[in-house]
Amino acid sequence: MAGQWGGRLADPSEPSLVGGGPMRLTGRGWAVLISTAMLLGFGLWARYPGLVGLGAVLAVALMCALVTVLVPAPLRIRRRVRPPRVARLEECSATVEVTNASTWLAQSVTGHDLVGGRRTPFVLPRMAPGATVSTDVPIPTTHRGVIDFGPLTLHRFSFLDLIEVGQEHGDSASVLVEPRILDALGLPAGARRGHIGADERIAHGGTDLVGLREYVAGDDLRRLHWATSARRATLMVREDADPSAPHLTVLLDDRADSYVASDGEDFEDAVDVAASLLAAAAGVESPARIVTLSAGLDEQLPAPAPATGPAGLDPHVLGALARLETSDGEHSAGLFAGSPDVLAVITGPRSDLGDLLLTASGAPSGAVLVVDRRPEALVSAQQGVLVLRGPRAEELVHGWRTAVAR
Numbered sequence: 001m002a003g004q005w006g007g008r009l010a011d012p013s014e015p016s017l018v019g020g021g022p023m024r025l026t027g028r029g030w031a032v033l034i035s036t037a038m039l040l041g042f043g044l045w046a047r048y049p050g051l052v053g054l055g056a057v058l059a060v061a062l063m064c065a066l067v068t069v070l071v072p073a074p075l076r077i078r079r080r081v082r083p084p085r086v087a088r089l090e091e092c093s094a095t096v097e098v099t100n101a102s103t104w105l106a107q108s109v110t111g112h113d114l115v116g117g118r119r120t121p122f123v124l125p126r127m128a129p130g131a132t133v134s135t136d137v138p139i140p141t142t143h144r145g146v147i148d149f150g151p152l153t154l155h156r157f158s159f160l161d162l163i164e165v166g167q168e169h170g171d172s173a174s175v176l177v178e179p180r181i182l183d184a185l186g187l188p189a190g191a192r193r194g195h196i197g198a199d200e201r202i203a204h205g206g207t208d209l210v211g212l213r214e215y216v217a218g219d220d221l222r223r224l225h226w227a228t229s230a231r232r233a234t235l236m237v238r239e240d241a242d243p244s245a246p247h248l249t250v251l252l253d254d255r256a257d258s259y260v261a262s263d264g265e266d267f268e269d270a271v272d273v274a275a276s277l278l279a280a281a282a283g284v285e286s287p288a289r290i291v292t293l294s295a296g297l298d299e300q301l302p303a304p305a306p307a308t309g310p311a312g313l314d315p316h317v318l319g320a321l322a323r324l325e326t327s328d329g330e331h332s333a334g335l336f337a338g339s340p341d342v343l344a345v346i347t348g349p350r351s352d353l354g355d356l357l358l359t360a361s362g363a364p365s366g367a368v369l370v371v372d373r374r375p376e377a378l379v380s381a382q383q384g385v386l387v388l389r390g391p392r393a394e395e396l397v398h399g400w401r402t403a404v405a406r
């Protein structure tokens, strides 16, 4: 399997020999075997040549079936994954393509793939000599994370489908299921320079140096930082930001006890909301930060954010969110050394909102978003903080668009 996120099973130009694996009788094979034993036994005991002859015919059929599975069948096997990284709830599948490289023998095969530890069977049409058939194996994307699949097992059937032989092919591969990116529209107006620093309001316009990086072909030459380039003997480019641009911090509650659904569906929606808000910040070229209550994840997203992922979001951050799991521990104190500019707290209905509301109230623009299956009110205010509730990520993002990013 080539690459980390999937690929092909084997070199399609080199046929694999399917045969010699563990064999077992099919239901029809057991029926023929039992019938053969009964006919031969009763025919010999009763000296009835007709029954003996019929039993002998069935025995010959079993021998022919055994010979056909003992002879290896040359097959070319490929498996392609599309796409290797997929958003949650989007369609994803692995295409299995099998070519019968034999010039004279037709083949009848089925198979199964281990997808997320579960056996997923698939059926292939009967292959004439030289024919190629394919089928799709669905990959579930209801939950984020790395979905492992493989190895693939082909089951080849004998003459009259009396005997089945199975053999594994290829290594395991993976598909990364990332959180969904919903349209959160944008952010409220900014008031501070960053997460830590001066509290004064900044007038719109101008730029603020937030970092330096090496020059990449296509960069604007006017952004070259000549003094640093001379010291390092390599071209360095300024990374600037509007000092009045909103600086977003997303505080994600990753405590398992905060959410109701035992299958983790509530937390999946919470991560979708977090990814959508980060993408909204990237869309307006504002810096952002994602941090969890357990402090297990803390990522800074400078502005402008890399535009190589969905909605301009850094693929590394998306990968970290895809692998994020709930925590059983208590939340860490002192998450912020200073007051964030725009703070979005995402949690579940079982959390104690007191501390979270106090944290959100310290920001010039703070909001608490609660994944609640049975919300009493979609939009409310508690302790001077806007509280949005909704059963799914779609409702929470809609509330953000209408009540926050105006």
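Under UniProt numbering, the sequence shown is numbered contiguously, ending at residue 406. Virtual Cβ for every residue (Gly too), placed ideally from N, Cα, C.
For residue 161, the closest of 69, 290, 117 by C-alpha to C-alpha distance is 69.
Taken through DSSP and simplified to helix, strand or coil, residue 218 comes out as coil. When DSSP reads this structure, residue 290 sits in a beta bridge with 250, 299. Counting every other CB atom within 10 Å of its CB across the protein chains shown gives residue 157 a total of 16 or more, marking it as buried. For residue 326, there is no enclosing alpha helix (DSSP H), as DSSP gives it neither H nor E.
As a beta-bridge residue in DSSP terms, residue 224 pairs with 237. As a beta-bridge residue in DSSP terms, residue 164 pairs with 24, 157.
For residue 404, no alpha helix (DSSP H) encloses it, and the DSSP letter there is neither H nor E. The beta carbon of residue 357 lies closer than 7 Å to those of 368, 382, 383, 385 in the same chain, with the five residues before and after it left out.
Straight through space, the alpha carbons of residue 126 and residue 55 are spaced by roughly 29 Å.
When secondary structure is reduced to three states using DSSP, residue 108 falls in the coil class, being assigned neither helix nor strand. Contact check for residue 275 and residue 318: beta-carbon distance about 7 Å, within the 8 Å limit, so the pair qualifies. Per the DSSP secondary-structure output, residue 77 pairs in a beta bridge with 98. Counting only the Cα atoms, residue 342 lies some 48 Å from residue 96. The secondary-structure analysis by DSSP pairs residue 144 with nothing; it has no beta-bridge partner.
Per the DSSP secondary-structure output, residue 120 pairs in a beta bridge with 113. Beta-bridge pairing by DSSP links residue 149 to 115, 173. Using a Cβ distance threshold of 7 Å, residue 288 and residue 278 count as a contacting pair.
In this structure, the straight-line span from the alpha carbon of residue 395 to that of residue 181 is close to 13 Å.
The distance from the Cβ of residue 222 to that of residue 152 is about 54 Å, inconsistent with a contact at the 8 Å cut-off.
Rounded to the nearest angstrom, the gap between the Cα atoms of residue 294 and residue 257 is 13 Å. DSSP places residue 283 in the uninterrupted alpha helix (DSSP H) bounded by 265-283.
The Cβ-Cβ distance between residue 172 and residue 148 falls below 7 Å.
Ranked by Cα distance from residue 61, the first of 133, 29, 132 is 29. For residue 290, the number of other beta carbons within 10 angstroms of its own is at least 16, and it is reported as buried.
Per DSSP, the continuous beta strand (DSSP E) segment holding residue 134 begins and ends at 132-138. Less than 7 Å separates the beta-carbon of residue 344 from that of residue 250. Distances from the CA of residue 144 to each of 267, 282, 390 were compared; the closest alpha carbon is that of 267. The three-state reading of DSSP puts residue 260 in coil, since its state is none of H, G, I, E or B. Take residue 123, set aside five residues on each side of it, and the residues of its chain with a beta-carbon closer than 8 Å to its own are 110, 135, in chain order.
One Cα belongs to residue 232, the other to residue 218, and the distance between them is close to 20 Å. Beta-bridge annotation (DSSP): residue 383 is not paired with any residue. With respect to the 7 Å criterion, residue 348 and residue 371 are classified as neighbours on the basis of their beta carbons. Nearest to residue 27 by C-alpha distance, out of 98, 175, 163, 325, is 163. Residue 393 and residue 238 have their C-alpha atoms spaced approximately 36 Å apart. Taking the C-beta atoms as reference points, residue 188 is found nearer than 7 Å to residue 404.
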